[in-house]
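Below you'll find the structure, written out as structure tokens, and then a few comments.
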Amino acid sequence: MAMLNSFRRLLIGFGIAITLGVFIGVLMGRFKSIDETFGGLILSLQSVPSVVWLPLALLWFSMGESAMIFVVVIGGLWNMIMSTTAGIKGVDPLLIQSGINLGYTGFSLFRKVILPAAVPHIITGVRMAWAFCWRALMAAEIIGTGQGLGQVLMWGRDMGNMSTVLAVMFIIAGTGIISDGIVFKKIEKEVYRRWGLLETAF
Amino acid sequence: MLELNKVTKYYKNEKVLDEITMTIKEGEFVSLLGPSGCGKSTLVHIISGLNQASDGEVSMDGRKITRPSTDRIMVFQSNGLFPWLTVEQNVAFGKKDNGNKISKDEVKKLLKMIRLTSYRHKYPHQLSGGMKQRVSIARSLAMDPQLLLMDEPFSALDEQTKNELHDELQKIWMETGKTIIFVTHNIREAVKLSDRVLVMGNDPGRIICDVRISEPHPRSHADQNLVALESSILRLLEKEIRKQKEGEELHGTLDEKKSIFNGSITSLARTLFYKNMA
Numbered sequence: 692m693a694m695l696n697s698f699r700r701l702l703i704g705f706g707i708a709i710t711l712g713v714f715i716g717v718l719m720g721r722f723k724s725i726d727e728t729f730g731g732l733i734l735s736l737q738s739v740p741s742v743v744w745l746p747l748a749l750l751w752f753s754m755g756e757s758a759m760i761f762v763v764v765i766g767g768l769w770n771m772i773m774s775t776t777a778g779i780k781g782v783d784p785l786l787i788q789s790g791i792n793l794g795y796t797g798f799s800l801f802r803k804v805i806l807p808a809a810v811p812h813i814i815t816g817v818r819m820a821w822a823f824c825w826r827a828l829m830a831a832e833i834i835g836t837g838q839g840l841g842q843v844l845m846w847g848r849d850m851g852n853m854s855t856v857l858a859v860m861f862i863i864a865g866t867g868i869i870s871d872g873i874v875f876k877k878i879e880k881e882v883y884r885r886w887g888l889l890e891t892a893f
Numbered sequence: 527m528l529e530l531n532k533v534t535k536y537y538k539n540e541k542v543l544d545e546i547t548m549t550i551k552e553g554e555f556v557s558l559l560g561p562s563g564c565g566k567s568t569l570v571h572i573i574s575g576l577n578q579a580s581d582g583e584v585s586m587d588g589r590k591i592t593r594p595s596t597d598r599i600m601v602f603q604s605n606g607l608f609p610w611l612t613v614e615q616n617v618a619f620g621k622k623d624n625g626n627k628i629s630k631d632e633v634k635k636l637l638k639m640i641r642l643t644s645y646r647h648k649y650p651h652q653l654s655g656g657m658k659q660r661v662s663i664a665r666s667l668a669m670d671p672q673l674l675l676m677d678e679p680f681s682a683l684d685e686q687t688k689n690e691l692h693d694e695l696q697k698i699w700m701e702t703g704k705t706i707i708f709v710t711h712n713i714r715e716a717v718k719l720s721d722r723v724l725v726m727g728n729d730p731g732r733i734i735c736d737v738r739i740s741e742p743h744p745r746s747h748a749d750q751n752l753v754a755l756e757s758s759i760l761r762l763l764e765k766e767i768r769k770q771k772e773g774e775e776l777h778g779t780l781d782e783k784k785s786i787f788n789g790s791i792t793s794l795a796r797t798l799f800y801k802n803m804a
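These protein sequence lines map, in sequence, to chains A and B. Read in order, the letters of the first sequence are residues 692 to 893 in my numbering. Read in order, the letters of the second sequence are residues 527 to 804 in my numbering.
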């Protein structure tokens with residue numbers, strides 16, 4: 692039950708973080724003025740541990756799910772933005788020139804050339820965002836309310852039951868490793884292979 | 527018909543192209559030949575519209591060129607294929623001016639022409655350098671451009687593959703009758719492929735010689751006339767490079783350069799003529 696609760700928060704928060712992150716990252720990658728205005732800010736926000744947003748989140752969303760999810764979103768968001776921006780900015784100018792030359796402009800150029808070319812970077816960002824979201828969630832659950840893995844861990848502490856604490860820690864680490872290894876690493880590898888970044892010509 | 531009128535280009539304060547004037551007729555295969563840094567690549571980018579001239583103008587069939595167009599397609603040295611698309615999808619990628627996609631039949635025909643039909647579902651990273659370049663050429667031809675611009679397309683390839691692609695390009699050119707502007711620093715390549723070789727000099731970039739070659743196509747490397755022509759162009763370029771090294775102006779350049787060539791011209795009975803002598 693605790694795990695299910697945690698996973699639900701994680702998935703919702705993670706989903707919002709990557710959607711929003713890609714969106715803002717794309718804007719920053721495409722428009723220099725936005726990048727120059729917010730780039731420094733995002734970098735500094737990245738260094739703020741996401742759990743310190745919890746008191747604010749509790750004020751804004753009252754005690755409950757939304758506050759937790761907010762912290763999870765914040766946990767993964769900055770990193771997602773920065774990866775996406777880096778990916779968009781790092782697109783090989785030759786591909787853009789080819790795209791323009793082959794008749795693409797404006798949004799179609801972006802959709803058909805720039806975004807696909809940035810996918811490997813974005814995927815790496817997603818993989819990191821998953822880990823960051825996971826960390827943010829645990830911290831939020833330990834401090835915050837509601838049922839979840841973090842809560843179980845705190846009970847263990849309060850009862851002086853170190854085997855519970857250790858068990859939760861193993862679950863947290865195990866889930867992280869398994870989800871990364873089974874899902875994200877595979878996706879990332881597949882993308883890198885298809886984009887030709889792993890092996891060169893035969 | 528492509529016309530360049532006193533095209534000049536500055537990078538910061540450095541003049542990289544100096545009043546280039548030339549006319550290229552439809553169906554011609556023209557090489558821009560010169561040492562690295564002579565601005566030949568910049569010139570072809572200006573013709574494509576991907577780069578702009580600081581001064582002077584470029585026009586095709588009377589219309590001024592200011593931006594890229596699907597009329598003039600560029601083939602780059604490092605191919606510029608989209609790594610996330612298969613060979614087939616890359617060839618079919620272009621979008622014509624009227625918004626039409628490239629038809630399946632056309633793609634099939636082009637894949638057959640470059641002999642990569644069996645590779646159509648492969649990704650670029652699974653191909654060799656020569657194959658990639660062939661896909662890049664097919665992708666450009668799919669747009670049915672008036673002008674095909676090739677910026678050192680084969681210079682990263684090994685000698686054998688290069689020869690193979692030369693023969694293929696000659697064949698394609700003879701079949702399609704496209705106007706081709708081919709940038710290279712390889713004299714043999716230029717001489718073998720083109721109707722006309724525009725030899726460029728350095729510092730600032732300018733055309734020092736316009737060589738016409740009337741040898742019938744397809745040609746082979748072994749052709750003695752071409753070999754002789756190759757060495758006379760080499761001498762001309764060596765002189766140009768030496769001049770640049772010593773940083774001194776040659777006096778009476780016109781006569782000297784003419785005399786280098788005279789021997790080969792008469793013996794080859796080729797028409798060579800001179801333009802833009804410094």
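Note that the Cβ used here is the ideal one computed from N, Cα and C, for glycine as well.
Limits of the beta strand (DSSP E) - the one that residue i falls within
{"i": "TYR645 (chain B)", "result": "That residue, TYR645 (chain B), is in no beta strand (DSSP E); it is neither H nor E in DSSP."}
{"i": "MET548 (chain B)", "result": "540–550"}
{"i": "ARG732 (chain B)", "result": "732–738"}
{"i": "LEU530 (chain B)", "result": "528–537"}
{"i": "THR705 (chain B)", "result": "705–710"}
{"i": "PHE555 (chain B)", "result": "555–559"}
{"i": "GLU583 (chain B)", "result": "581–586"}
{"i": "GLY727 (chain B)", "result": "722–727"}
{"i": "ARG598 (chain B)", "result": "598–601"}
Euclidean distance between Cα positions of residue i and residue j
{"i": "ILE725 (chain A)", "j": "GLY872 (chain A)", "result": "35 Å"}
{"i": "ALA830 (chain A)", "j": "VAL859 (chain A)", "result": "13 Å"}
{"i": "GLU782 (chain B)", "j": "LEU718 (chain A)", "result": "Confidence in GLU782 (chain B) is poor, its pLDDT being 46 and thus under 50, which makes the residue's placement unreliable; the coordinate value appears in the next sentence. Going by the C-alpha atoms only, they are around 59 Å apart."}
{"i": "VAL804 (chain A)", "j": "LYS780 (chain A)", "result": "13 Å"}
{"i": "SER746 (chain B)", "j": "ALA579 (chain B)", "result": "36 Å"}
{"i": "ARG641 (chain B)", "j": "GLU694 (chain B)", "result": "10 Å"}
{"i": "ILE657 (chain B)", "j": "THR643 (chain B)", "result": "Sequence inspection shows Met at residue 657 (chain B); the Ile mentioned does not correspond to that position. Approximately 11 Å between the Cα atoms of the pair."}
{"i": "CYS564 (chain B)", "j": "LYS541 (chain B)", "result": "10 Å"}
{"i": "ARG885 (chain A)", "j": "GLY851 (chain A)", "result": "51 Å"}
{"i": "LEU780 (chain B)", "j": "ASP736 (chain B)", "result": "Legend: pLDDT at LEU780 (chain B) = 46, less than 50; position of this residue unreliable, no value from coordinates given."}
{"i": "ILE760 (chain A)", "j": "GLY835 (chain A)", "result": "11 Å"}
{"i": "PHE722 (chain A)", "j": "PHE798 (chain A)", "result": "13 Å"}
{"i": "ILE713 (chain B)", "j": "GLU764 (chain B)", "result": "12 Å"}
{"i": "LEU785 (chain A)", "j": "MET692 (chain A)", "result": "52 Å"}
{"i": "TYR806 (chain B)", "j": "MET639 (chain B)", "result": "Not covered by the structure: residue 806 (chain B). The range shown for chain B is 527 to 804."}
Proximal chain A residues relative to residue i, where beta-carbon distance stays under 9 Å
{"i": "ASP623 (chain B)", "result": "GLY794"}
{"i": "MET586 (chain B)", "result": "Here the premise fails: no neighbours, minimum Cβ distance about 15 Å."}
Neighbour flag for residue i against chain B, beta carbons, 8 Å
{"i": "SER774 (chain A)", "result": "no"}
{"i": "PRO740 (chain A)", "result": "no"}
Interface partners of residue i on chain B, CB under 8 Å
{"i": "VAL810 (chain A)", "result": "TRP610"}
{"i": "ILE791 (chain A)", "result": "LEU576, PRO594"}
{"i": "PRO746 (chain A)", "result": "Within 8 Å Cβ-Cβ: nothing; PRO746 (chain A) doesn't reach chain B, min ~44 Å."}
Interface partners of residue i on chain B, CB under 9 Å
{"i": "LEU786 (chain A)", "result": "GLY606, LEU607, PHE608, PRO609"}
Residue j beta carbon less than 8 Å from that of residue i
{"i": "ASP677 (chain B)", "j": "PHE602 (chain B)", "result": "yes"}
{"i": "ARG722 (chain B)", "j": "ARG732 (chain B)", "result": "no"}
{"i": "LEU528 (chain B)", "j": "ILE546 (chain B)", "result": "no"}
{"i": "CYS824 (chain A)", "j": "GLY767 (chain A)", "result": "yes"}
{"i": "GLY575 (chain B)", "j": "THR534 (chain B)", "result": "no"}
{"i": "GLN838 (chain A)", "j": "GLY606 (chain B)", "result": "no"}
{"i": "HIS651 (chain B)", "j": "GLY841 (chain A)", "result": "no"}
{"i": "VAL717 (chain B)", "j": "ILE759 (chain B)", "result": "yes"}
{"i": "VAL570 (chain B)", "j": "ILE707 (chain B)", "result": "yes"}
{"i": "GLY716 (chain A)", "j": "THR775 (chain A)", "result": "yes"}
{"i": "GLU879 (chain A)", "j": "THR815 (chain A)", "result": "yes"}
{"i": "LEU691 (chain B)", "j": "LEU683 (chain B)", "result": "yes"}
{"i": "VAL763 (chain A)", "j": "LEU806 (chain A)", "result": "no"}
Chain A contact residues for residue i, given Cβ-Cβ distances below 8 Å
{"i": "PRO650 (chain B)", "result": "GLY887"}
{"i": "PHE602 (chain B)", "result": "LEU785, GLN788, SER789"}
{"i": "MET669 (chain B)", "result": "LEU793, GLY794"}
Any chain A beta carbon closer than 8 Å to residue i
{"i": "PHE680 (chain B)", "result": "no"}
{"i": "PHE555 (chain B)", "result": "no"}
{"i": "MET676 (chain B)", "result": "no"}
Per-residue contacts from residue i into chain A (C-beta, under 7 Å)
{"i": "ILE599 (chain B)", "result": "ASN792"}
{"i": "PHE619 (chain B)", "result": "LEU793"}
Run of the alpha helix (DSSP H) containing residue i, from where it starts to where it stops
{"i": "ASP631 (chain B)", "result": "630–639"}
{"i": "MET759 (chain A)", "result": "756–780"}
{"i": "LEU749 (chain A)", "result": "745–752"}
{"i": "MET860 (chain A)", "result": "853–870"}
{"i": "ASP726 (chain A)", "result": "723–737"}
{"i": "MET850 (chain A)", "result": "First-last for MET850 (chain A): undefined, no H or E at that position."}
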